[in-house]
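Below is one structure; the comments refer to it alone.
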Amino acid sequence: MRAIDVIQEKRDGHTHSTDVIHAFIAAYTAGQVPDYQVSAWLMAVYFRGMTPRETADLTMALAQSGELLDLARYGARSADKHSTGGVGDKTSLVAAPLAAAAGAKVAKMSGRGLSHTGGTVDKLESIAGLRTTLTREEFDRQVDEVGLVVAGQSGDLAPADKLLYALRDVTATVDSLPLIAASIMSKKLAAGAHNIVLDVKAGSGAFMKTPEQAVDLARAMVDIGEHAGRRVVALISDMEQPLGHAVGNALEVEEAVRTLRGAGPDDLTEIAVALASEMVAQTHDRRGLEAARIAVKDALRSGAGLRKLRAMVMAQGGQWDREDGMPELPEPSPVREVWRAPVDGWVRGVDALAVGRAAALSGAGRERKDEAVDPRAGVLLHRRVGDACRAGEALATVYASDGGRLQSALAQLEGAFTLGEQAGSAKQIILARVDHAGVVWRDARHS
Ligand code: URA
994 MRAIDVIQEK RDGHTHSTDV IHAFIAAYTA GQVPDYQVSA WLMAVYFRGM TPRETADLTM
1054 ALAQSGELLD LARYGARSAD KHSTGGVGDK TSLVAAPLAA AAGAKVAKMS GRGLSHTGGT
1114 VDKLESIAGL RTTLTREEFD RQVDEVGLVV AGQSGDLAPA DKLLYALRDV TATVDSLPLI
1174 AASIMSKKLA AGAHNIVLDV KAGSGAFMKT PEQAVDLARA MVDIGEHAGR RVVALISDME
1234 QPLGHAVGNA LEVEEAVRTL RGAGPDDLTE IAVALASEMV AQTHDRRGLE AARIAVKDAL
1294 RSGAGLRKLR AMVMAQGGQW DREDGMPELP EPSPVREVWR APVDGWVRGV DALAVGRAAA
1354 LSGAGRERKD EAVDPRAGVL LHRRVGDACR AGEALATVYA SDGGRLQSAL AQLEGAFTLG
1414 EQAGSAKQII LARVDHAGVV WRDARHS
């Protein structure tokens, strides 16, 4: 196989064989194909696309480039959950403990935030003492003893995806459906869970800007999972406005804990309960989705989900003294400013992308992979879509690492809020459900 032939084949709109895809990825991982040739191939894929079979082959080639975890000893009870990335998306911190409290064995590897989207590992690391780098033995022991582990991705999990993702990031080839589907699913397959629940975001703060694009991505990922013998369900959820009120690492952990106490925002509670119910339903063959939902709501009402999160935090070295208190988190930064409504009105829109960028600029995010994040930074929304406000009332507070970052974040918030003279309707959070049987739309436009 010559790399130039592979590039030419895709450039001319042909389909790669399984062998070609595996050989090309193996050669790249071994350092035998230079970045400039892989970049050319990525651009050809970006324009020509891939068939479902090619996408499945690429996924397997990426997954098999490193270690493949084996969770077979949990049979059908192992569960994983993944979000395609959003703003204020602390869903894993709520859904995973609820699912574990209702009987699933949740073994989750999470990523760090990049660009305007946050990452669960950064959020968890706001808690004093908490470690997200676990040895394989620690990871396994925690699944056995606590039933819930959320760790950073081990370096040897799908290393070819790591290489390819970094190249896509600098060659404008990230937002290609087959490349995103293969990238996400390669890590999920390598992480070993039998059951996978995906939260595919749609809207300004997400990779997929429309619900239709999100459904196409979800379909591709469900198909890949089915080919690999895993059970995959995807919910499509709204990311036009941030999820909940808090955007930023420690702020989001606090909101997640309040949600597990039953006092969280409605949209976060709804999507977390829905995702956890799907996880539990997948892991218990004889219980349907409705029974799973009852078990998950019980775990929320009784505090069992909260206790599960605390057990996980403490098992990973995090400090959380009293069950009725908070884990040990830094105070929000004293460098702060309130963003106020210029006129009386109703909030008609809160642009997730603008708020996500403001939070990243405040210090909560990173622009390069090796930068540290500031757990005390972020944006707290006081008003969301559907709320009324009077001129001069607070719409949001920005907490920043320093004065320069505060000014950049405030400039980014300009235009993030759309105010109107009449109340708009509140947003629906779950837009569709996708599994092997097809798509069920839940939003008014499609049903
Ligand atoms: N998340 C990933 O892991 N990969 C992508 O390509 C996009 C989002």
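So that you can map any letter, position 6 of the sequence shown is 999 in the numbering used here, and since no number is skipped, the others follow by simple counting. Cβ coordinates follow ideal geometry from the N, Cα and C atoms, glycine included.
Would you mind sorting residue i into buried or exposed? The rule is 16 or more other CB atoms within 10 Å of its CB.
i: arginine 1129; result: exposed
i: arginine 1312; result: Per the sequence shown, the amino acid found at residue 1312 is glutamine instead of arginine. With fewer than 16 other Cβ atoms within 10 Å, it is exposed.
i: proline 1090; result: buried
i: valine 1378; result: buried
i: proline 1320; result: buried
i: proline 1171; result: buried
i: alanine 1195; result: buried
i: alanine 1100; result: buried
i: glutamate 1364; result: exposed
i: serine 1176; result: buried
i: arginine 1523; result: Since the first residue of the chain shown is 994 and the last is 1440, residue 1523 is not available in this structure.
i: glutamine 1025; result: exposed
i: glycine 1255; result: exposed
i: histidine 1439; result: exposed
i: arginine 1212; result: buried
i: aspartate 1216; result: buried
i: aspartate 1154; result: buried
i: aspartate 1050; result: buried
i: arginine 1294; result: exposed
i: aspartate 1337; result: exposed
i: alanine 1069; result: exposed
i: glycine 1396; result: exposed
i: glycine 1079; result: buried
Can you tell which of the options has its C-alpha closest to the C-alpha of residue i?
i: lysine 1074; options: Met1272, Gly1358, Gly1281, Glu1138; result: Met1272
i: glutamine 1030; options: Ala1249, Ser1103, Arg1212, Thr1164; result: Thr1164
i: arginine 1223; options: Ala1184, Val1208, Pro1258; result: Ala1184
i: aspartate 1436; options: Ser1230, Arg1046, Glu1131; result: Ser1230
i: methionine 1305; options: Gly1257, Gly1112, Val1250, Ala1019; result: Val1250
i: arginine 1350; options: Ala1033, Thr1110, Phe1040, Ala1213; result: Thr1110
i: valine 1225; options: Ser1355, Ala1092, Ala1072; result: Ala1072
i: threonine 1126; options: Ala1357, Val1136, Lys1003, Val1114; result: Val1114
i: glycine 1241; options: Lys1083, Ala1292, Ala1384; result: Lys1083
i: leucine 1346; options: Asp1192, Ile1217, Met1232; result: Met1232
i: serine 1032; options: Thr1044, Ala1159, Ala1019; result: Ala1159
i: lysine 1181; options: Glu1205, Ile1120, Leu1062, Ala1097; result: Leu1062
i: glutamate 1330; options: Ser1270, Ala1404, Arg1383; result: Ala1404
i: serine 1179; options: Thr1052, Arg1066, Ser1270; result: Thr1052
i: tryptophan 1332; options: Ala1069, Leu1399, Val1080; result: Leu1399
i: leucine 1064; options: Ile1287, Val999, Trp1434, Phe1132; result: Phe1132
i: alanine 1308; options: Arg1359, Asp1137, Ala1186, Arg1294; result: Asp1137
i: tyrosine 1039; options: Lys1003, Asp1012, Gln1206, Tyr1067; result: Lys1003
i: arginine 1066; options: Gly1318, Asp1149, Arg1134; result: Arg1134
In three-state DSSP terms, what is residue i?
i: glycine 1431; result: strand
i: methionine 1319; result: coil
i: serine 960; result: The structure shown does not extend to residue 960, since the chain is modelled only from 994 to 1440, so the question has no answer here.
i: leucine 1374; result: strand
i: phenylalanine 1410; result: strand
i: valine 1441; result: Given a span of 994 to 1440 for the chain in the structure shown, any question on residue 1441 remains unanswerable.
i: isoleucine 1217; result: helix
i: isoleucine 1000; result: helix
i: isoleucine 1173; result: helix
i: methionine 1201; result: strand
i: threonine 1164; result: coil
i: alanine 1060; result: The displayed chain sequence assigns glutamate, not alanine, to residue 1060. Looking at glutamate 1060 - three-state DSSP - the assignment turns out to be coil, as it is neither helix nor strand.
i: histidine 1075; result: strand
i: alanine 1100; result: strand
i: arginine 1303; result: helix
i: valine 1031; result: helix
i: leucine 1236; result: coil
i: glutamate 1360; result: coil
i: threonine 1128; result: coil
i: glycine 1396; result: helix
i: alanine 1425; result: strand
i: alanine 1121; result: coil
i: arginine 1134; result: helix
With residue i and residue j assumed to form a contact (beta carbons below 8 Å), what rounded beta-carbon distance in angstroms separates them?
i: serine 1103; j: glycine 1059; result: Actually they are not in contact, since the Cβ atoms of serine 1103 and glycine 1059 sit about 17 Å apart, beyond 8 Å.
i: histidine 1238; j: glutamate 1248; result: 6 Å
i: glycine 1218; j: isoleucine 1173; result: About 14 Å; that fails the 8 Å criterion.
i: valine 1343; j: leucine 1374; result: 6 Å
i: alanine 1265; j: threonine 1276; result: That belief does not hold up - the Cβ atoms of alanine 1265 and threonine 1276 are roughly 17 Å apart, past 8 Å.
i: lysine 1116; j: leucine 1086; result: 7 Å
i: methionine 1036; j: phenylalanine 1017; result: Rounded, the Cβ-Cβ distance is 15 Å, inconsistent with contact.
i: leucine 1406; j: alanine 1334; result: So it is not a contact: roughly 12 Å between Cβ atoms.
i: proline 1235; j: glycine 1198; result: 7 Å
i: alanine 1095; j: alanine 1267; result: The Cβ separation is near 13 Å, so there is no contact.
i: alanine 1093; j: lysine 1301; result: 5 Å
Could you check if residue i belongs to the surroundings of the ligand ADP, using beta carbon to heavy atom distance under 8 Å?
i: leucine 1062; result: You won't find the ligand ADP in this model; what it holds is the ligand URA.
Checklist line | Contact set, the ligand URA heavy atom to C-beta under 5 Å | finding: Ile1173, Ser1176, Ile1177
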